[in-house]
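Asks: Structure incoming, see below.
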Amino acid sequence: AATLAAPLQAAPLQNEPAFSAADPAMAAPEFTARAETREQPAPFLPSNGWFVWYWDRGLNLIYWQRRPSGHIVGAALERARWISDLISWLPETDRSDSKLGSSDVQTAFRVLSSSSEVVYEWGDDVTADAVPFCEAPVAAPLASWRLQCFIPPDQIATGGGRSAYLGFAAGLGAFAMTLTSLAWLLYRDYSRDMREASQQVSFVNQVSHELKTPLTNIRLYADLLEHDLEQVEADQSEKPLRRLEVISSEAQRLSRLIGNVLTFARQQRKTLQLHPVSVNAIELIRQIAERFTPSLQNHGIEIQVSGESGTDLWLDPDFVEQILGNLISNVEKYAAAGRHLKIQVAVSSEYATIDVIDAGPGIPTAHRASVFQPFSRLSSDLRASTGTGIGLSITRELARLHGGDVELKDSATGCWFQVRLKSQR
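For my numbering, count along the sequence shown from 1 and bump the result up by 496.
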């Protein structure tokens, strides 16, 4: 497969051209007194290939593609799966299939890994001290692997003369074609998977954008209706206000969900950007907590916010709301039985430290290391509590954009998440 490049170790990605600062084509544009000349950006040229590295039990493969945005995306192949696919393409171990050109010539083949371990063998029996008749490297991306052919020396001289060599060459050529076909199939299948994954992400991103406008209108008119009902007598407005509260709460929840999806999409494209402003951290957090108070009360959860006002910090208030929103939403979904949520805020000259502590069942030790991974869920049961599995991943990413982090601290009961945000000025 001509599109597959040789494996790399600690080298640039395969199939990528190398540029240097001295390359005229890559030099910065020049300006003269007569006219300004500006080089047009080169058209995007799709590129892809294999990245090979060695870890654990040996050779591992990543298939990668460069996107029009300039970002590189890749998919790691499961080692056991692609070795199984490779073996399924090779001849069976039946001796009757191993004759090369003459039924009198006994042959055997071995495929060796980069560590000289036998991956697969077929043909006649081979003794431990047997010396291969010939050896050849396997095609890329498995160029560190080797193919060995064994033919008894006495049969090379008497096993049919020229026909034995011709038969062997034909068999070796057929095997090389098989490996080439396998490489092409792997390339085709994973190219298709990458295209489908990209299309799915684009679709979800587009749908989320389309949902934002009608959802904004729903929330706007819900607020207007609430204002109008406040002018009506209490005995006539009590029931409509309760219903309106449900509409507003669900609209806010859907808004947070869409915000998480869009943030996750920008995170994957590496386009997340902070927009810091000077804010009083404790007042901002109190305002955010107040928006969640009605929903928490409906779940029977008492919320307590404590902290002293300190120096104003430069933070992105939208991202701070998204961070706290994800943590508070998790309390609603998973820790309502504890009926208590405590948020403690400490502000220094450079950092805001926010502790979000609940009294729920907590997170089992076996899952603590993976809770910040995208799509991580404690239960795969679709009938269990709702959730996309990206909330905590986004929360940590937004905190790290602020020069801080989110940690799951040890606690005797419930969950204790500590958020540290650094002022951006």
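Using N, Cα and C, we set each Cβ at its ideal position, and we do this for glycine too. Being a predicted model, the structure only gives us computed values, none of them experimental.
Residues in the same chain with beta-carbon distance under 8 angstroms from I886, minus the five sequence neighbours each way, listed in chain order, please.
Replies: N756, V757, F760, P870, F871
Asks: Using the Cα positions of L930 and F646, report the straight-line distance between them to the nearest angstrom.
Replies: Since the displayed the chain opens at 497 and closes at 921, residue 930 lies outside it and no answer follows.
Asks: Could you tell me whether the segment 565–584 touches the segment 708–718, where touching means 3 or more Cβ pairs closer than 8 angstroms?
Replies: no
Asks: So what's S599 in DSSP terms, helix, strand or just coil?
Replies: Because S599 sits at a pLDDT of 48, beneath the cut-off of 50, its placement in the model cannot be relied upon, and the following sentence gives the value as read from the coordinates. Looking at S599 - three-state DSSP - the assignment turns out to be coil, as it is neither helix nor strand.
Asks: Just the C-alpha distance for S516 and Q769, rounded to the nearest angstrom, thanks.
Replies: Because S516 carries a pLDDT of 37, less than 50, the predicted location of this residue cannot be relied on, and no value is offered for it.
Asks: If contacts are defined as beta-carbon pairs under 8 angstroms, then A895 and D901 qualify, I think. What distance do you get, rounded to the angstrom?
Replies: 5 angstroms
Asks: Using the three-state DSSP reduction, which class does R534 fall into: helix, strand or coil?
Replies: With a pLDDT of 43 at R534, under the threshold of 50, the modelled position of this residue cannot be trusted; read the value that follows with caution. Looking at R534 - three-state DSSP - the assignment turns out to be coil, as it is neither helix nor strand.
Asks: Expressed to the nearest angstrom, what Euclidean distance is found between the alpha-carbon atoms of D808 and V775?
Replies: Taking the CA atoms as reference points, D808 sits about 5 angstroms from V775.
Asks: On the three-state DSSP scale, how would you describe R835?
Replies: coil
Asks: Of the residues A672, N794, A730, which one's Cα is nearest the Cα of V607?
Replies: A672
Asks: Are A679 and A635 close, meaning C-beta to C-beta below 8 angstroms?
Replies: yes
Asks: Short of 7 angstroms in beta carbon distance, which residues of its chain neighbour G566, apart from the five on each side in sequence? Order them along the chain.
Replies: none
Asks: Should L720 go down as buried or exposed, given a rule of 16 or more other Cβ atoms within 10 Å for buried?
Replies: exposed
Asks: Just to confirm, are D620 and Q602 a CB contact at a threshold of 8 angstroms?
Replies: Yes; because the gap between Cβ atoms is below 8 angstroms, this pair is in contact.
Asks: Determine, using beta carbons only, whether V841 and I781 come nearer to each other than 8 angstroms.
Replies: yes
Asks: If you measure between the beta carbons of G821 and A855, is that distance less than 8 angstroms?
Replies: no
Asks: Do the CB positions of P637 and V773 come within less than 8 angstroms of each other?
Replies: no
Asks: In terms of residue numbering, what span does the beta strand (DSSP E) encompassing N556 cover?
Replies: 554–562
Asks: Using the beta-carbon count (16 or more within 10 Å), is S845 buried or exposed?
Replies: In the assembly as shown, S845 is an exposed residue. Its beta-carbon has fewer than 16 other beta-carbons within 10 Å.
Asks: Would you identify the three-state DSSP class for M522, choosing helix, strand or coil?
Replies: Residue placement at M522 cannot be trusted, given a pLDDT of 39 that sits under 50; what the coordinates show is reported in the next sentence. Three-state DSSP puts M522 in a helix.
Asks: Report yes if the CB atom of I890 is closer than 8 angstroms to the CB atom of Q763, and no otherwise.
Replies: yes
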